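Trainee:
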Amino acid sequence: MTENILDPILFWMWFCFILISLYSFVSAMLRFGWLTPKKFVYLVLLPGLLVMGGLSVVNASLILINPDKVGVVISVFSEGGVQKKPITAGRHWIVPLFETVLVYPIGVQSYTMSSKTLEGHKIGDDSITARTRDGKEVHIDCSLTFRIDPDKVIELHKLWQDRYVDVFIRPILRSMIRTDVSQYTLEAVNSNKRRTLENNFKRHLEKVITQNGLVFDQFFLRNIGFSSEYMAALKKQQTAKAQAEAEAQAIIIKAKAEAEAKRILGDE
Numbered sequence: 691m692t693e694n695i696l697d698p699i700l701f702w703m704w705f706c707f708i709l710i711s712l713y714s715f716v717s718a719m720l721r722f723g724w725l726t727p728k729k730f731v732y733l734v735l736l737p738g739l740l741v742m743g744g745l746s747v748v749n750a751s752l753i754l755i756n757p758d759k760v761g762v763v764i765s766v767f768s769e770g771g772v773q774k775k776p777i778t779a780g781r782h783w784i785v786p787l788f789e790t791v792l793v794y795p796i797g798v799q800s801y802t803m804s805s806k807t808l809e810g811h812k813i814g815d816d817s818i819t820a821r822t823r824d825g826k827e828v829h830i831d832c833s834l835t836f837r838i839d840p841d842k843v844i845e846l847h848k849l850w851q852d853r854y855v856d857v858f859i860r861p862i863l864r865s866m867i868r869t870d871v872s873q874y875t876l877e878a879v880n881s882n883k884r885r886t887l888e889n890n891f892k893r894h895l896e897k898v899i900t901q902n903g904l905v906f907d908q909f910f911l912r913n914i915g916f917s918s919e920y921m922a923a924l925k926k927q928q929t930a931k932a933q934a935e936a937e938a939q940a941i942i943i944k945a946k947a948e949a950e951a952k953r954i955l956g957d958e
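Numbered per the working numbering, the sequence shown spans residues 691 to 958.
#1: When the Cα atoms are used, what is the spatial distance from M703 to E845?
#2: How would you call M691, buried or exposed, if buried means at least 16 neighbouring beta carbons within 10 angstroms?
#3: Based on the DSSP output, what are the partners of D841 in its beta bridges?
#4: Can you give me the start and stop residues for the beta strand (DSSP E) that P786 sits inside?
#5: Closest to T963 by C-alpha separation, out of T819, I753, K806, would be which residue?
#6: On the three-state DSSP scale, how would you describe M691?
#7: I'd like the span of the beta strand (DSSP E) that includes I914, first residue to last.
#8: Going by CA-CA distance only, name the one from I708, E896, G761, E888 that's closest to C832.
#9: For S765, which residues of its own chain have a beta-carbon under 6 angstroms away from its beta-carbon, when the five flanking residues on both sides are left out?
#10: Near V857, what residues of its chain come up, given a Cβ to Cβ distance below 8 angstroms and the 5 sequence neighbours on each side ignored?
#11: For I796 and P757, what's the separation of their Cα atoms in angstroms?
#12: Out of I943, Q939, Y801, state which residue places its alpha-carbon closest to the alpha-carbon of R860.
This is the structure we're talking about:
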């Protein structure tokens, strides 16, 4: 969406012009009768419309681009319908009706997919469901930060228009994460391979994102969720392991106590 310089005041200028015109017309008609409309049109309405119309044309022609944005000019005069170079921060002239400007932010943007209802960009559980190499299901919460490359914004526009988040960022996150998770077993994902998995996500995402007019910033693997069956089995396994360790420790303590008792009896 573009910002026209006169937008804040032009609406009120038209509003006031219409009110003043109506008031002047009614007042003149009441004073001078029905011959007034013809004079009113020539002396008041037409000059006013010319002035206001001129201001509206100027407003539609003069575009303001803020410092944190860049503009893509859609033009019937350009090959492919888009000017080859973007317009940067400042004031720019365009041809109304034949040219429009689509503004893109160039600051850092973030996209989050999370199992928590209000944490991600989609309401509800929006975590990425993936399957490990051994067919187990995991749920990935993640965040990606990125920005538009001002020098490649024309390429981005031609590929994805202003729908790049929904039609590119979101699908590529799901696809890449599912592909990488499928290379590991469930035990590996839940152990020392987690850091390796996160690094793989970063490397693969950066490669694809930079090929599509964007600049990769950071990827955060926020959480890996497991099925309730796996968590129950894991808890049972950990409990059994802790119990076995406790029993082994008790045996060691008992053996040491018996050895100490024998030593004391031997000394006597």
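All residues carry an ideal CB built from backbone N, CA and C; glycine is no exception.
No experiment lies behind these values; they were computed from the predicted model shown.
Mentor: Taking the geometry as given:
#1: 39 angstroms
#2: Unreliable placement is indicated for M691, whose pLDDT of 48 sits below 50; no coordinate value is reported for it.
#3: For D841, which the question treats as bridged, DSSP gives no partner whatsoever.
#4: Unbroken run through P786: none, as it is neither H nor E.
#5: Here the chain comprises residues numbered 691 to 958, so residue 963 is not present and cannot be evaluated.
#6: Residue placement at M691 cannot be trusted, given a pLDDT of 48 that sits under 50; the coordinates are not used to answer.
#7: 904 to 916
#8: E888
#9: Q773, E789
#10: W850
#11: 9 angstroms
#12: Y801
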